[in-house]
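Data first, discussion second: the structure below is written as structure tokens.
In the numbering used here, the protein residues as written are 16 to 206.
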């Protein structure tokens, strides 16, 4: 995998530099979490989507040049119709510069965007136009070594007032998920 430095857009860095990426990829492989869907993580994402009422929910692991949704709850096609009449289907892999999860991972902090268009740093992100994302909430999946493996997140096509309850919920679910991931790795089992 190759690393490309973040691209400046109008003086802003859209995707932060991620110095932990090589170590994270190694850790994800050791935990058996590299680039493959997991039905249990899909169920976890579906549970999050139901709790939040969000259109999208993901368990997202961040690599050096891409993101992988090991757990995904999403409509079959994006709600946004392109000029040519087509709709984008969300897959399991997105480039690292798409979305907001890389910011959560690098910062090791949850991120709440009630309306992404209110934040110039995030408003021009490709997921805003391609998938219609208008709101986002995500928490880092920080393992026992202190490494942020990825995120647990939800996104919607309408502005959302996630509130303190939403933030507390996603942080608690992320912490619970990390315990499950590490436990299943130790036991040699999948979730």
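Yeah, the Cβ is synthetic: ideal placement off N, Cα and C, and Gly gets one too.
When the Cα atoms are used, what is the spatial distance from residue i to residue j?
{"i": "residue 92", "j": "residue 100", "result": "12 Å"}
{"i": "residue 23", "j": "residue 136", "result": "With a pLDDT of only 42 at residue 23, under the threshold of 50, the placement of this residue in the model should not be trusted, and no figure is reported."}
{"i": "residue 147", "j": "residue 118", "result": "19 Å"}
{"i": "residue 197", "j": "residue 141", "result": "32 Å"}
{"i": "residue 36", "j": "residue 48", "result": "14 Å"}
{"i": "residue 53", "j": "residue 192", "result": "13 Å"}
{"i": "residue 177", "j": "residue 150", "result": "9 Å"}
{"i": "residue 40", "j": "residue 60", "result": "21 Å"}
{"i": "residue 107", "j": "residue 46", "result": "19 Å"}
{"i": "residue 8", "j": "residue 76", "result": "What is shown of the chain runs 16 to 206, which leaves residue 8 out entirely."}
{"i": "residue 90", "j": "residue 74", "result": "16 Å"}
Give a yes or no on whether the C-beta atoms belonging to residue i and residue j are separated by under 9 Å.
{"i": "residue 128", "j": "residue 85", "result": "no"}
{"i": "residue 185", "j": "residue 152", "result": "yes"}
{"i": "residue 130", "j": "residue 111", "result": "no"}
{"i": "residue 164", "j": "residue 87", "result": "no"}
Does the Cβ of residue i have 16 or more other Cβ atoms within 10 Å, making it buried, or fewer, making it exposed?
{"i": "residue 123", "result": "exposed"}
{"i": "residue 187", "result": "exposed"}
{"i": "residue 194", "result": "exposed"}
{"i": "residue 33", "result": "buried"}
{"i": "residue 175", "result": "buried"}
With a CB to CB cut of under 6 Å and the five nearest residues on each side skipped, what residues in its chain are close to residue i?
{"i": "residue 67", "result": "169"}
{"i": "residue 181", "result": "152"}
{"i": "residue 113", "result": "141 and 142"}
{"i": "residue 63", "result": "72 and 169"}
Near residue i, what residues of its chain come up, given a Cβ to Cβ distance below 7 Å and the 5 sequence neighbours on each side ignored?
{"i": "residue 31", "result": "21, 117, 118 and 121"}
{"i": "residue 189", "result": "154, 155, 156 and 167"}
{"i": "residue 159", "result": "197"}
{"i": "residue 172", "result": "70, 94, 147, 148 and 149"}
{"i": "residue 109", "result": "81 and 82"}
{"i": "residue 50", "result": "83"}
Whose C-beta lies closer than 8 Å to the C-beta of residue i among residues of the same chain, with five residues either side of it excluded?
{"i": "residue 38", "result": "162"}
{"i": "residue 138", "result": "131 and 132"}
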